[in-house]
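Report on the structure given below.
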Amino acid sequence: MQTDRILNFLTELKKNNHKTWFEENKEEFRKSYQDFSEFTEVLIAGIENFDPTLKGVRAKDCIFRIYKDTRFSKDKTPYKTNFGAFMKGGGKKTSSAGYYLHLEPEKSFIAAGVYQPPAPELWKIRTAIAEKPEILQKILLEKKLKTEFGELEGERVKTAPKGFSKEHPAIELLRFKSYILMKEISSDELKVKNASVNLLKSYEIAKDFNFYFNRILV
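Numbering (this note's numbering), first residue to last: 33 to 250.
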């Protein structure tokens, strides 16, 4: 992956986030996007070795568009200043757990888990956690996972979600709206020749975390 090309393009885009500049630099966008797409294909092929739900998934199914929907946003700049891909069975539009790659100057990271699932799927997840919280708790306490990704992240409700008691022993887990593990990635880590190998090692450590949610959401 031509990491420098991608990050340089995104840096300049952040400084010049308007249609005129973007159209003048459309060819550089295409080259950067192609680099990112090819790297995503490599990651998908690697993930498939330990998570067969990605069989048949292609980069185009996983990469998010650079064009923003500004209809309901105060920020009217037309383009995202990152490249992102959510690699999972069925592609980015499904509600399943997956493996995320985010490239952005000084803000790159990888992640695993379920992001903002629709209400019916979130209810399934919370119900499963409420019935047997020890299953997810055990996964989250696994030493390799904790060392690689740290603590569970995601937006939470303030008290208890509707239908669940605030006295539930696993209320802290039930409060989450998303169930995400994240790891920051430096530009230098992305520039090494075996960057994909290193990222795949991290993703594989998170596979049981994803398997847990996908068993619930089947």
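Where is the CB? At the ideal position from N, CA and C, for every residue including glycine.
Here the structure is a predicted model, which means the values were calculated and not measured.
Beta-bridge analysis with DSSP links arginine 188 to Phe208. Between alanine 129 and lysine 120, the gap from beta carbon to beta carbon is short of 8 Å.
Taking C-beta atoms as the reference points, phenylalanine 118 and lysine 124 count as a pair closer than 8 Å. Uninterrupted alpha helix (DSSP H) stretches at least 4 residues long and entirely within the region 83-112 occur at 91-94, given in chain order. The alpha-carbon of lysine 190 is positioned some 20 Å away from that of alanine 160. Counting along the chain, the unbroken beta strand (DSSP E) around valine 146 starts and ends at 141-146.
Taking each of Lys170, Pro137 and Leu133 in turn and checking the Cα distance to phenylalanine 96, the smallest one comes out for Leu133. In the displayed model, leucine 133 falls within a strand according to three-state DSSP. A residue is called buried when at least 16 other Cβ atoms come within 10 angstroms of its Cβ; leucine 173 does not meet this threshold and is exposed. DSSP lists His134 as the beta-bridge partner residues of glycine 116.
Residues Ile237 of the same chain have their beta carbon placed closer than 7 Å to that of lysine 176, with the five preceding and five following residues left out of the count. If you check the CB distance, isoleucine 171 and aspartate 83 do not come in under 8 Å. For lysine 215, the beta-bridge partners assigned by DSSP are Ile142.
The three-state reading of DSSP puts glutamate 56 in helix, counting H, G and I together. Across the structure, leucine 231 and glycine 116 are spaced so that their CA atoms are roughly 14 Å apart.
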